[in-house]
Structure formats: C-alpha cells, structure tokens
Amino acid sequence: MFKKILIANRGEIACRVIKTARRMGIQTVAVYSDADARAPFVQMADEAVHIGPAPAAQSYLIADKIIAACKQTGAEAVHPGYGFLSERTSFAEALAAEGIEFIGPPVGAIAAMGDKIESKKLAKEAGVNVVPGFVGEIEDTEHAVRISSEIGYPVMMKASAGGGGKGMRLAYTEQDVREGFEAVKREGLNSFGDDRVFIEKFILNPRHIEIQILGDKHGNILYLNERECSIQRRHQKVVEEAPSPFVTPKMRKAMGEQCVALSRAVGYYSAGTVELIVSGADPTGESFYFLEMNTRLQVEHPVTEAITGVDLVEQMIRVAAGEKLEMTQDDVKIEGWAIENRVYAEDPYRGFLPSTGRLVRYQPPVEGWTDDGQANGRRGIDGVRVDDGVYEGGEVSMFYDPMIAKLVTWGETRDEAADKQIAALDAFEIEGLGHNIDFVSAIMQHPRFRSGELTTGFIAEEYPEGFHGAPPSDELKAKIAAVAGFIATARADRARRVDGQLANTLPPPSEWTITIANTAFEVAVEEDEVTVNGQVVDLEMEYTPGDRLVEAEVGGELLGLRVEPTRNGLKVTTRGAIHKVAILPTRVASLSSHMIEKVAPDLSRFLICPMPGLLVSLSVAEGDKVEAGQPLAVIEAMKMENILRAEKSGTVKAVNAKAGESLAVDAVILELE
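Read left to right, the sequence shown gives residues 1305 to 1977 (the working numbering).
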C-alpha cells in the first residue's frame, strides 16, 4: 500500500480523498493555487505545495507542476478527483514516465472513452445500445444543418471532448443549429482545447441514468447499481439519487451487464461511470442508450456509497496499489435510498445566474462528513451527510466550479430520504452570495418529483417562467404567521425593556396583523396560547431576539425557519421559499392602506450585465435598430456562454462596453431609445 499520495484537485473532493486516505494510514499532499491558500483541504493535508496563480490554466491544469510537487514531497501516487486533469491521458502518461502511480483507470481506457465520437463506435462494437446520430467530422454550420435535418429534430450538438454540461446545445429547428453550432465549438475549444462537435438524436422524455463501475487490475469488473440523475439544468446535474425509481431489477441487470462489457472491452479498472440516456416513454425500460463514460470518480458517488456501503475512494486507492477486489457481483446490495442535492453558488430567483463572493455565514445542518470506515458511517449523521470544502469567511471564486457543498440524505424509503433533505435544507445557513437551497428544497417537495416521473426536462417543464419559490399552502402560511406573531411579541417585549423605546409601564403589543403573500392573518399571543384568525394553534418554540435560525413545532409539524428582520416585519425562509412577512400591531394595520407604494424604474431600455463575466461579443453598434428577443451580446461566466437578448424593440442610443472587457454585475452594456 502507498505511504503517501498527492491529491491533484481542490475543494470538497480533495477533502473527501484526504479523509479516506487518513483513515487508511496514508499521508496526503495537497496542491493549491493563490485563491486556495486558506482553503480547508490545504489545512487538512499533511503537506501542501503552492502551484501557481488562481486561474486553473496556470495551476491545477499544469501537469508539470503536479509532478514536481510529487517529487518534492515523495508522493508515490496521485488521485486526480474529478475535473481538471482527471481524464487527461497526457497527465497519466507523464506520471507513469516518472514512476508515479495514477489512482484511476489505464491510459488506453481514458483515451478510448474520452473521445465521445470514438467511444460511441467502441460501445457499438461491444454490443452496447447507442443513440442514432452522426459521429464523423462536421465541416461547418451548413454541414451541421444538413446532418440535423437528416437525423430529424430535435437534435443535440455536443463538443467531442465535453463534460460537466459544457459544450452542449439542444436544437429544435434549423435556426437553433445556426445560432448554437459555433457556440458549441467555442465552448469546446475554450474549456477542453478541442472544437470538434458531433450531433445525435435527442431522445423524447429522456431520463439520465448512470451505472457505477468498479474494476481491478486482475480482470474483475462489477457494476454497483445505478443512479438517477435526470434533474438537470443546462445539462448540469442538480439532484442525484440511488437507486432510480424507474429502474427494475431486470433493467438494472441488462444495463449493468452491457456497461461491464464495454468496460471489459477497453481493459478498464478503478472506478468509472457509464452514463445512459433512457426513454421514459418506454415503460419496458429496453430503450436505453450509451451516452458517454466518465473515467473517474463522479461528483454524485456518495449516494452509491450510502446504499451499497462501498467506499469508492478506498477501492480506487486499493486497486491502484494492485489489490484484488474483495467483493463479487453477488455481494453488491441495495439498502435504503439516498438523495444528493448540489448546493450551488447561483441565484435561482434571478434566472440561476452565477454568484460569487464571500461566505459571510456558512453553517451546514450537520458537521462535515468524516470517514469512520463503517458502511453506515457513509450515510452521515442520522442519515444526513455534508461533503464540502468551504468555510465561513471564505470566498467562492469566479475561477472554479460554483458548487458550495453536497447534501446527501439516506432513508429506508425514497420519501424518507426526501423529507430529510427538506429538513436539512431548512437548517442550512448561507449568507453573502446567492445559493440554490430554496430551489432544491422546492424540488424535493414537488409532487412530480415525489411520483418519480422524472425526465431531463423536469426543471424547464415545471419552472418555465423561472423560479419564484415553492408555492406555500394556506396551512403553511398560517403556521408562519403564528411563528411571526410569537417573534414580534418577543421583540416588542425586549423593546419595552430598553430605555427610551417603550415606557416601562406599557405592556408589549400582543395582537398583530400579519400579511404573507397578500393573505392577512390576525394573530394574538397570550401567555398560555396563540391564536390565528381566532383558532388556537399548538405552538412550541424558543426565540431570543437576534436568533437567525428558529425551530418551531406548529400543529404537530417541525419547521426550521431562517429569519431576518426587515423594516416592517421579517424575511422568513422555509420550505423552499422566501416569505416577506409584514407585521403590524392590529390597532395600526388599517392605516397601512394609506401608504404610497414606490414604483420601480423602467430598466427595459438598458441591456444590463446579469452577472460578473467577460463580454465575448457584441452584435450591435450605436444607431442599429433591434427587435425584441434579438441576441445582442454574449457573456461568459464560469466557463459558460450566456446570450443576452433585447427586452423590447428600439434603436441603440449608446454602447458602454466592448468585446473583451470584464464586466461587473449590473453594468450597463448598452442603452436603447
């Protein structure tokens, strides 16, 4: 077994590998950029080596610096995590040339599966179902249009070397191909150094299901069941679960055996994942097709660990050291259900725009996951596991992936695992930047999610107008009103005791008119009971003015609420939504109708940069006429291109930015008249 390994990665996955290596008695070496000098993974490792400036292209993506760090510290092997150099054949070859073990699959398998065009040919030869499409060289946009017409719309255009949702465009019409083909080529070139594109048929009602593969250097290859990853946004996974609510034992066996056959065809060992696209319109489950193979550890590996008890990182290290797998296919079981939500630095209330900045407050619902070596321990604390690599006061940088943490829950049933997600998300405190906690909580509560009727179009279909918070029931609003009334009384009582705010002889107000989403509630708080609209509410809670996180049992239901005082009440976040709660003493509530509302200014004549990013292109100039919906500019942020369109027709009055400039959020790019 190795005595020392280096982790060629950062963030939560670096922390994850370090924890297991530490339990195995293996020393660890971290490498870090300027941006990560104070990151938790650097503190956790036994040694740390600085490798360059913040941009990944100048640090984490330079193989020579990783190898130099290995030589400097005496590391015998490298775990690449996911992303960065994890699927770069040249890196694995360079390590081998220096006698350093690569904790991953053989170079031949990485090369074969890393090229999406060649991998489809191999899959077909291995007897794996493949999606109809064109896998040759595409000359230009006109050629792409002809191919798409022959295959039949809709089609998916993908960068051959793509991954992580980058370099992909769905086209329903010829116009979509003309607009998107060059963008796919650019994203492929910018992110992966390869601008080749292939086009394939888009499967209707598609489900994204993947099979976890694990093999050793002695020819043993197993499949560790499946994961359902259908809930995606812009082809980036948001929710993952294991097992899939769609997959039957017969399907699981057929999928698993085909994926093992493909792995065997390329001499695979270590952990890997074969991704399949499955037609949800075919209840037989026979319409599944090879999508791609990720020759590395997946972000969502914890859900597989939770239901099988297998530590995938440990197995990767043992396989790299030449050990045989100690389990057989018959030993692979499914116990319970696990769900993972990716907590991202993005603002779902503003179209999921990337959000960077400082984590002013970061308090996960449980302490970060620790590897105790026990199968049950892979499920976290009482079925709640947080994998993260950030800290309160740290920064989510524009240079790397926007993921803050992974929240994993395990339960005996799927509903139990989802319920634990909702409760844990309510207790998750993040301040300082936008995040998607409300959004993933709303998904966990959604009737369609609960039914298991998932497709990759779930988010687009269920939130066509964007996300505005999970819609609260009247019952939930009444419960929030009861809690708000209790908080208002406690705050008024404190004000009574502060000199100069209320005379000591005055009792605090106890009758309130509380308005939530245009619904008014009359709340009375007495010493022995709380009433809402005259009905007694069973309420148990403790609150001290200043508390940010409140737990309350209301009507037999346990609620976690994040509360923040506002000018006229509270901002209460719970159950996947932000609730603006207006609180007024009942005796003055009627006067609020006389207050003049402030009208928001009309900003439709401005093209405003919605996020910090690079202005890649500007397609109009001063004096040009534009139509509503016309593409005006392209902004690149987090390595993704975003097209900005005109909100209304008009003439360009002034242009305030030019291509190549870095823009701040809300910067005015141009003005219309």
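No residue lacks a Cβ here, since even glycine has one placed at the ideal position from N, Cα and C.
Here Thr1817 is buried: its Cβ has 16 or more other Cβ atoms, across all protein chains shown, within 10 Å. When Glu1627, Lys1554 and Ile1421 are compared, the shortest CA-CA separation from Leu1518 is found for Glu1627.
Annotated three-state conformation of Leu1493 is helix, per DSSP. Its chain contains Leu1310, Val1333, Val1335, Val1353 and Ile1355 as the residues whose beta carbon lies nearer than 7 angstroms to that of Ala1373, once the 5 sequence neighbours on both sides are disregarded; these appear in chain order.
In this structure, Pro1384 and Ala1339 do not form a Cβ contact; the two beta carbons are roughly 19 angstroms apart against a cut-off of 8 angstroms.
Distance from the CA of Ala1565 to the CA of Arg1682, rounded to the nearest whole angstrom, comes to 29 angstroms. For Thr1878, the enclosing beta strand (DSSP E) covers residues Gly1873 to Thr1878.
Using a Cβ distance threshold of 9 angstroms, Gly1589 and Thr1552 count as a contacting pair. Segment contact: the segment 1490-1499 against the segment 1563-1578, fewer than three CB-CB distances shorter than 8 angstroms; contact not assigned.
Each residue's CA atom was taken as its position, placing Leu1528 and Gly1315 some 26 angstroms apart. Looking at the backbone, the Cα of Asn1524 and that of Leu1629 are separated by about 7 angstroms. The segment 1604-1616 and the segment 1452-1463 do not touch, with fewer than 3 CB-CB distances between them shorter than 8 angstroms. Taking one beta carbon from each stretch, the segment 1542-1552 and the segment 1765-1781 have fewer than 3 pairs nearer than 8 angstroms; the two do not touch.
Between the beta-carbon of Thr1848 and that of Val1841 there is about 21 angstroms, and that puts the pair past the 8 angstroms contact cut. Taking all protein chains in view, the Cβ of Thr1674 is surrounded by fewer than 16 other Cβ atoms within 10 Å, so the residue is classified as exposed. Closest by C-alpha distance to Gly1927, out of Gly1954, Arg1752 and Leu1907, is Gly1954. Excluding sequence positions up to five before and after Met1460, its CB lies within less than 6 angstroms of the CB of Leu1474, Glu1504 and Phe1506, all in the same chain and listed in chain order.
Between Lys1724 and Gly1697, the gap from beta carbon to beta carbon reaches 9 angstroms or more. Membership of His1512 in the beta strand (DSSP E) is indicated by the continuous run Pro1510 to Gly1519.
The closest CA to that of Ala1937, considering only Phe1388, Ser1923, Leu1918 and Lys1929, is found on Ser1923. At a Cβ-Cβ threshold of 9 angstroms, Gln1331 and Lys1307 count as neighbours. Across the structure, Phe1496 and Leu1365 are spaced so that their CA atoms are roughly 11 angstroms apart. In the DSSP assignment, Val1700 is bridged to Gly1661.
Distance from Pro1549 to Arg1718 at the Cβ level is roughly 6 angstroms; contact confirmed, criterion being Cβ atoms closer than 8 angstroms.
Close CB contacts of Val1867 within its chain, under the 6 angstroms cut and outside five residues either way in sequence, are with Val1854, Leu1874 and Val1876 (chain order).
Under DSSP, Ala1575 takes part in a beta bridge, and its partners are Leu1518.
Put simply, the backbone Cα of Phe1594 is about 16 angstroms away from that of Tyr1572. At least 9 angstroms separates the beta-carbon of Arg1537 from that of Ile1581. Within the segment 1368-1431, the runs of alpha helix (DSSP H) that reach at least 4 residues and sit entirely inside it are, in chain order, 1393-1401, 1411-1418 and 1420-1429. Here Val1636 is not near Leu1508, since their CB atoms are 9 angstroms or more apart. Looking from the CA of Glu1486, the closest CA among Ala1448, Pro1652, Ala1961 and Gly1378 belongs to Ala1448. Annotated three-state conformation of Val1969 is coil, per DSSP.
Listed in chain order, the non-local C-beta contacts of Glu1402 below 8 angstroms within the same chain comprise Ile1371, Cys1374 and Lys1375, local neighbours out to five positions each way being set aside.
As DSSP reads the structure, Thr1955 sits in a beta bridge with Lys1929.
Between Val1694 and Ile1685, the C-beta gap is not smaller than 9 angstroms, which leaves the two residues out of contact. Only residues of its own chain outside the window of five on either side were considered, and among them Ala1318, Cys1319, Ala1334 and Gly1693 have a CB closer than 6 angstroms to the CB of Phe1345, listed in chain order.
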